[in-house]
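Chains A and B, in that order, are what the protein sequence lines are. Going by the numbering used here, the first sequence opens with residue 12, and the numbers climb by one from there. Going by the numbering used here, the second sequence opens with residue 75, and the numbers climb by one from there. For every residue, glycine included, the Cβ atom is placed at its ideal position computed from N, Cα and C. Some notes on the structure that comes next.
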Amino acid sequence: MSHNTTTAEAGRAGRAFNLRRILHSPLALPLIGLIVVSILMGFASENFFSVSNIMNVLRQVSIVGILAVGMTFVILTGGIDLSVGAVMALSGTLAAGLMVNMAMPGWVGLLAGLGVGVSLGLFNGAMVAWGRMPAIIVTLATMGIARGLGLLYSGGYPISGIPSWISWFGIGRIGIVPVPVIAMVVIYALAWVLLQRTAFGRHVYAIGGNELAAKLSGVKTQFIKLTVYGISGLTSAFAALILTGRLMSGQPNAGVGFELDAIAAVVLGGTAIAGGRGLILGTLIGAVLLGILNNGLNLMGINPYLQDVIKGLIILLAIYIGREW
Amino acid sequence: MLQLSGIKKRFGTIQVLHGVDLEVNAGEVHALLGENGAGKSTLMKILTGILQPSAGSILIEGQERQFANYDEAIAAGIGIVFQEFSLIPYLDAVENMFLARELRTRFGLLDRKAMRKRAEDILARLEVDVPLDVPIRKLSVAEQQFVEIAKALSLNARILVLDEPTATLTPSEVEHLFKVMRELRRQGVAIIFISHHLEEIFEICDRITVLRDGEYVGDCLVSETDNDRLVEMMVGRRIENSFPEKPSIPQDAPVLLNCQAVQLRRGGPVSDFVLREGEILGFAGLVGSGRTETALALLGAYPAAKCALQVEGEDIRFREPADALARGIGLLPESRKEQGLITSFSILQNISINNYGKYRRGHWFLDLQKERADTETAMQQVRVKAQGPMDRVDTLSGGNQQKVVIARWLNHQMKVLIFDEPTRGIDVGAKAEIYQLMRAFTAQGYAIIMISSELPEVIGMSDRVCVFRQGGIVATVEGTAITSEDIMTHATTGRVRHVA
Ligand SMILES: Nc1ncnc2c1ncn2[C@@H]1O[C@H](COP(=O)(O)OP(=O)(O)OP(=O)(O)O)[C@@H](O)[C@H]1O
Ligand SMILES: [Mg+2]
Numbered sequence: 012m013s014h015n016t017t018t019a020e021a022g023r024a025g026r027a028f029n030l031r032r033i034l035h036s037p038l039a040l041p042l043i044g045l046i047v048v049s050i051l052m053g054f055a056s057e058n059f060f061s062v063s064n065i066m067n068v069l070r071q072v073s074i075v076g077i078l079a080v081g082m083t084f085v086i087l088t089g090g091i092d093l094s095v096g097a098v099m100a101l102s103g104t105l106a107a108g109l110m111v112n113m114a115m116p117g118w119v120g121l122l123a124g125l126g127v128g129v130s131l132g133l134f135n136g137a138m139v140a141w142g143r144m145p146a147i148i149v150t151l152a153t154m155g156i157a158r159g160l161g162l163l164y165s166g167g168y169p170i171s172g173i174p175s176w177i178s179w180f181g182i183g184r185i186g187i188v189p190v191p192v193i194a195m196v197v198i199y200a201l202a203w204v205l206l207q208r209t210a211f212g213r214h215v216y217a218i219g220g221n222e223l224a225a226k227l228s229g230v231k232t233q234f235i236k237l238t239v240y241g242i243s244g245l246t247s248a249f250a251a252l253i254l255t256g257r258l259m260s261g262q263p264n265a266g267v268g269f270e271l272d273a274i275a276a277v278v279l280g281g282t283a284i285a286g287g288r289g290l291i292l293g294t295l296i297g298a299v300l301l302g303i304l305n306n307g308l309n310l311m312g313i314n315p316y317l318q319d320v321i322k323g324l325i326i327l328l329a330i331y332i333g334r335e336w
Numbered sequence: 075m076l077q078l079s080g081i082k083k084r085f086g087t088i089q090v091l092h093g094v095d096l097e098v099n100a101g102e103v104h105a106l107l108g109e110n111g112a113g114k115s116t117l118m119k120i121l122t123g124i125l126q127p128s129a130g131s132i133l134i135e136g137q138e139r140q141f142a143n144y145d146e147a148i149a150a151g152i153g154i155v156f157q158e159f160s161l162i163p164y165l166d167a168v169e170n171m172f173l174a175r176e177l178r179t180r181f182g183l184l185d186r187k188a189m190r191k192r193a194e195d196i197l198a199r200l201e202v203d204v205p206l207d208v209p210i211r212k213l214s215v216a217e218q219q220f221v222e223i224a225k226a227l228s229l230n231a232r233i234l235v236l237d238e239p240t241a242t243l244t245p246s247e248v249e250h251l252f253k254v255m256r257e258l259r260r261q262g263v264a265i266i267f268i269s270h271h272l273e274e275i276f277e278i279c280d281r282i283t284v285l286r287d288g289e290y291v292g293d294c295l296v297s298e299t300d301n302d303r304l305v306e307m308m309v310g311r312r313i314e315n316s317f318p319e320k321p322s323i324p325q326d327a328p329v330l331l332n333c334q335a336v337q338l339r340r341g342g343p344v345s346d347f348v349l350r351e352g353e354i355l356g357f358a359g360l361v362g363s364g365r366t367e368t369a370l371a372l373l374g375a376y377p378a379a380k381c382a383l384q385v386e387g388e389d390i391r392f393r394e395p396a397d398a399l400a401r402g403i404g405l406l407p408e409s410r411k412e413q414g415l416i417t418s419f420s421i422l423q424n425i426s427i428n429n430y431g432k433y434r435r436g437h438w439f440l441d442l443q444k445e446r447a448d449t450e451t452a453m454q455q456v457r458v459k460a461q462g463p464m465d466r467v468d469t470l471s472g473g474n475q476q477k478v479v480i481a482r483w484l485n486h487q488m489k490v491l492i493f494d495e496p497t498r499g500i501d502v503g504a505k506a507e508i509y510q511l512m513r514a515f516t517a518q519g520y521a522i523i524m525i526s527s528e529l530p531e532v533i534g535m536s537d538r539v540c541v542f543r544q545g546g547i548v549a550t551v552e553g554t555a556i557t558s559e560d561i562m563t564h565a566t567t568g569r570v571r572h573v574a
């Protein structure tokens, strides 16, 4: 069997079984889940498919959606980042504090917020890559540190009184599309390019697939790990920017438990929790799926405690169905 | 005793086995031969219930059997030692042998004494001595293999499958394994033995079945055939002798790598060697003699106590393999599954993993077309047998996986390549091709360090040989002095140099 003829044969077979190929794509199950849940919600509540509700859902999704981008990078390398919610809160609180308490111009505060996010991310990355500590422990510690620092700095109260133009990031619109939604889409597009079209992206997958083999073949595994946690810090800071704009204040208590929603979005999107396999588009689908569940259950007026139970069960079910790949 | 007939197997659209027959008698060692990807491992996975055949029947002692899974095959007295091991690294030998079948006391607690006793009995039956209290990962490959065999026997296997057991063993360990196999044969166990070393077939086997591209080619008695005839049955053509001619390397060829002192452990022996342009330097020695660690230390992948290295006259200490790669030094690691391949990646991604510099577009982005074209060329050069470059590497046969790791270095402009056991698990035809390839590399001015436990390979390929013992180089032999007696003497009795 020569290599060429078999390639041609495989190509023919591929076209003949096109439907099968679509079904075998890792995006198939998350997409089917999204469609099924949307239809169910559409039946349950007539408002669901209105443009304003859809925009509303997407806007609500945007913060966890953006956190989930960084989380995808980290999980693809086989790591995890539990600190995203706390880092987001600290970043927003410090940014607001600089603007309000130190009377700095708004843009200085925003840049400082981004700086805080990236620094904490890089700190996580350095501890994991060079400190050789397990990611779950390092980021758990960072979660506590970031949350504590935010509360210390603010005394536990929201910091309000920031320049009014910052609200544009949280509630502004371009046409009918909310700014946070546009930000989310842009961030996903950038992440897709990074993961699918650059050597860096391949190396991210390689580390999750087999770190030792990647290292021995000359991949800078430590540097890549540092970078993915840095990216996660950066996306946390972007989420903080949107949150601050929406609430018009720095909220030291914001984002509790968001790390779990972000992880859920990544896993619902078909990314292997052990790393090496997964697609960023899947994460977007997973995040939207979670958002629709939240929104739909709210529209139906279901008891919020019961909502958590239902969401948990649906996540379990989705992962059970998708477990093979 | 065992009769497989008309076994067929397809994976998706790919037909891997086209009706294979295999007949094995009790108390016989039966060789299963064929090129890489011929379907040997697949057939054995079907026999052991791990895969289901698409057609065909399995008869054991005249009775038709179907195994839905491995457990059912075990219950029917079939045991297998996989090509890639399946032991749990952090458990000890006893725990591994009784994994999932632990003996219990009356109170439902583990009966550690009884398990240990049983393990000792079985190992005694094999006449091997394996430490039972240390984690499996601390044992040598050979010892791990004996544990695997013992595990199969602890299940009362009457049919034992050994898929390329000798690929990772030293000659003396192979001898030991053969002793064990002869003992089992005497006890009436039927053994199916897979190996790419034909001389082993003649030494240990009684009968042979040959596969080619998933077809049954034929079977015969070992006593009625010879090397050339077997090779022809396997590959369908004759193969001229495998080692290419050694070129003569000028004494003043430039030194690419000057390793002035490498010390693996504090207080251990200190070694030095040079590597000249265009030469193949063999690293010989027993398993565990420090060859691999020394190579890894050069690249910065092993924390050596000391490593003073000059690359093209410049003092360097690499912090990680990526630094070495930047200076044109690459490694083909010894264990393809743990150290070589990203198993969830395609062939293409595995080959281009460390070579994206070549596939840049607009500085940052990947040039996917060029990547694919180059990958296809590389695959053809080493003759990877696969449907296409997008196949996942874990669907390839063991030998073809090894070729993928080798192909990784074809696209590079390297200066020094370190090949650690480059032909492990590779069939006769492909072996010859890899040897040719290595000489083609050196003719371009590369230098190669070849670590190998196969003496004929070391002797046939190396221009010079460093012999290792107990963590250091004990001798360097050249030219006509490269003989198996010489190397073995140094490897077993050479004096290591200690430096205070
Ligand atoms: N899960 C799978 N999906 C698709 N193809 C497969 C799968 N498993 C094996 N194959 C194909 O089946 C063929 C036979 O593989 P097998 O592992 O049986 O070869 P082998 O004779 O053991 O070779 P080697 O000597 O290299 O170990 C190969 O071409 C391989 O690519
Ligand atoms: Mg095999």
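Buried or exposed, going by whether 16 or more other CB atoms sit within 10 Å of the CB of residue i?
{"i": "residue 256(B)", "result": "exposed"}
{"i": "residue 331(A)", "result": "exposed"}
{"i": "residue 160(B)", "result": "exposed"}
{"i": "residue 320(A)", "result": "exposed"}
{"i": "residue 311(A)", "result": "exposed"}
{"i": "residue 432(B)", "result": "exposed"}
{"i": "residue 438(B)", "result": "exposed"}
{"i": "residue 104(B)", "result": "buried"}
{"i": "residue 290(B)", "result": "buried"}
{"i": "residue 226(A)", "result": "buried"}
{"i": "residue 168(A)", "result": "exposed"}
{"i": "residue 190(B)", "result": "buried"}
{"i": "residue 525(B)", "result": "buried"}
Can you tell which of the options has its C-alpha closest to the C-alpha of residue i?
{"i": "residue 86(B)", "options": "218(B), 194(B), 100(B) and 128(B)", "result": "128(B)"}
{"i": "residue 305(A)", "options": "107(A), 36(A) and 70(A)", "result": "70(A)"}
{"i": "residue 213(B)", "options": "93(B), 234(B) and 167(B)", "result": "167(B)"}
{"i": "residue 322(B)", "options": "568(B), 82(B) and 554(B)", "result": "554(B)"}
{"i": "residue 231(B)", "options": "266(B), 249(B) and 126(B)", "result": "266(B)"}
{"i": "residue 367(B)", "options": "408(B), 176(B) and 398(B)", "result": "408(B)"}
{"i": "residue 552(B)", "options": "443(B), 115(B) and 320(B)", "result": "320(B)"}
{"i": "residue 396(B)", "options": "233(A), 179(A) and 317(A)", "result": "233(A)"}
{"i": "residue 89(B)", "options": "286(B), 169(B) and 137(B)", "result": "286(B)"}
{"i": "residue 377(B)", "options": "394(B), 363(B), 387(B) and 389(B)", "result": "394(B)"}
{"i": "residue 361(B)", "options": "414(B), 349(B) and 545(B)", "result": "545(B)"}
{"i": "residue 269(A)", "options": "44(A), 47(A), 74(A) and 48(A)", "result": "74(A)"}
Write down the C-beta distance between residue i and residue j rounded to the nearest angstrom, noting that I regard them as a contact closer than 8 Å.
{"i": "residue 230(A)", "j": "residue 428(B)", "result": "6 Å"}
{"i": "residue 171(B)", "j": "residue 221(B)", "result": "7 Å"}
{"i": "residue 296(B)", "j": "residue 276(B)", "result": "6 Å"}
{"i": "residue 467(B)", "j": "residue 481(B)", "result": "That pair is no contact at about 11 Å."}
**OP:** Determine, using beta-carbon pairs with one atom in the stretch 269-282 of chain A and one in the stretch 114-129 of chain A, whether at least three such pairs fall under 8 Å.
**Re:** By the Cβ criterion, the stretch 269-282 of chain A is not in contact with the stretch 114-129 of chain A, since fewer than three pairs of Cβ atoms, one from each stretch, lie closer than 8 Å.
Subject >> Proximal residues, the stretch 44-57 of chain A versus chain B, C-beta separation under 7 Å >> reply: Residues of the stretch 44-57 of chain A with a C-beta atom less than 7 Å from some C-beta of chain B do not occur.
**OP:** Please confirm if the stretch 353-364 of chain B is in contact with the stretch 531-542 of chain B, defined as three or more CB-CB distances below 8 Å between the two stretches.
**Re:** Pairwise C-beta distances place the stretch 353-364 of chain B in contact with the stretch 531-542 of chain B, as three or more of them are shorter than 8 Å.
**OP:** Report the residues of the stretch 427-444 of chain B with a CB closer than 7 Å to any CB of chain A, ordered along the chain.
**Re:** 427, 428, 430, 438, 439 and 440: these are the residues of the stretch 427-444 of chain B whose beta carbon lies less than 7 Å from some beta carbon of chain A, given in chain order.
Original post:
Given 8 Å as the limit, is there contact between the stretch 181-196 of chain B and the stretch 235-242 of chain B, that is, 3 or more CB pairs closer than that?
Top reply: With the cut-off at 8 Å, the stretch 181-196 of chain B and the stretch 235-242 of chain B do not touch.
Original post:
Can we say the stretch 242-249 of chain A touches the stretch 74-83 of chain A, given the rule of at least three CB pairs closer than 8 Å?
Top reply: Two segments are said to touch when three or more pairs of C-beta atoms, one from each, lie closer than 8 Å; by this definition the stretch 242-249 of chain A touches the stretch 74-83 of chain A.
**OP:** Could you name the residues of the stretch 187-209 of chain A whose beta carbon sits closer than 8 Å to any beta carbon of chain B, in the order they occur along the chain?
**Re:** Residues passing the 8 Å Cβ filter: 204, 208 and 209.
Original post:
When the Cβ atoms of the stretch 195-204 of chain A are set against those of the stretch 126-142 of chain A, are three or more pairs found closer than 8 Å?
Top reply: The stretch 195-204 of chain A is not in contact with the stretch 126-142 of chain A.
**OP:** Would you be able to state if there are at least three C-beta pairs under 8 Å between the stretch 215-224 of chain A and the stretch 402-420 of chain B?
**Re:** The stretch 402-420 of chain B and the stretch 215-224 of chain A touch, with no fewer than 3 CB-CB distances between them shorter than 8 Å.
Original post:
How do the stretch 379-388 of chain B and the stretch 325-337 of chain B stand: do at least 3 beta-carbon pairs fall below 8 Å, yes or no?
Top reply: With the cut-off at 8 Å, the stretch 379-388 of chain B and the stretch 325-337 of chain B touch.
Original post:
With contact counted as at least three CB pairs below 8 Å, one residue from each stretch, are the stretch 270-287 of chain B and the stretch 121-135 of chain B in contact?
Top reply: Contact between the stretch 270-287 of chain B and the stretch 121-135 of chain B is absent: fewer than 3 CB-CB pairs across the two stretches fall below 8 Å.
**OP:** Examine the Cβ distances between the stretch 441-452 of chain B and the stretch 490-500 of chain B and report whether three or more of them are shorter than 8 Å.
**Re:** The way I'd put it, the stretch 441-452 of chain B doesn't touch the stretch 490-500 of chain B; fewer than three beta-carbon pairs between them come closer than 8 Å.
Original post:
If you measure beta-carbon to beta-carbon, which residues of the stretch 287-316 of chain A are closer than 9 Å to chain B?
Top reply: Result list: 287 and 288.
Original post:
Of all the residues that make up the stretch 205-237 of chain B, which are near chain A by a beta-carbon distance shorter than 9 Å?
Top reply: For the stretch 205-237 of chain B, there are no residues whose beta carbon sits under 9 Å from a beta carbon of chain A.
Original post:
Residues in the stretch 144-163 of chain B with C-beta within 9 Å of chain A's C-beta atoms, listed in sequence order?
Top reply: For the stretch 144-163 of chain B, the beta-carbon criterion of a distance under 9 Å to any beta-carbon of chain A is satisfied by none of its residues.
**OP:** Scan the stretch 126-139 of chain A for residues whose Cβ lies nearer than 7 Å to a Cβ of chain B and list them as they occur along the chain.
**Re:** Residues passing the 7 Å Cβ filter: none.
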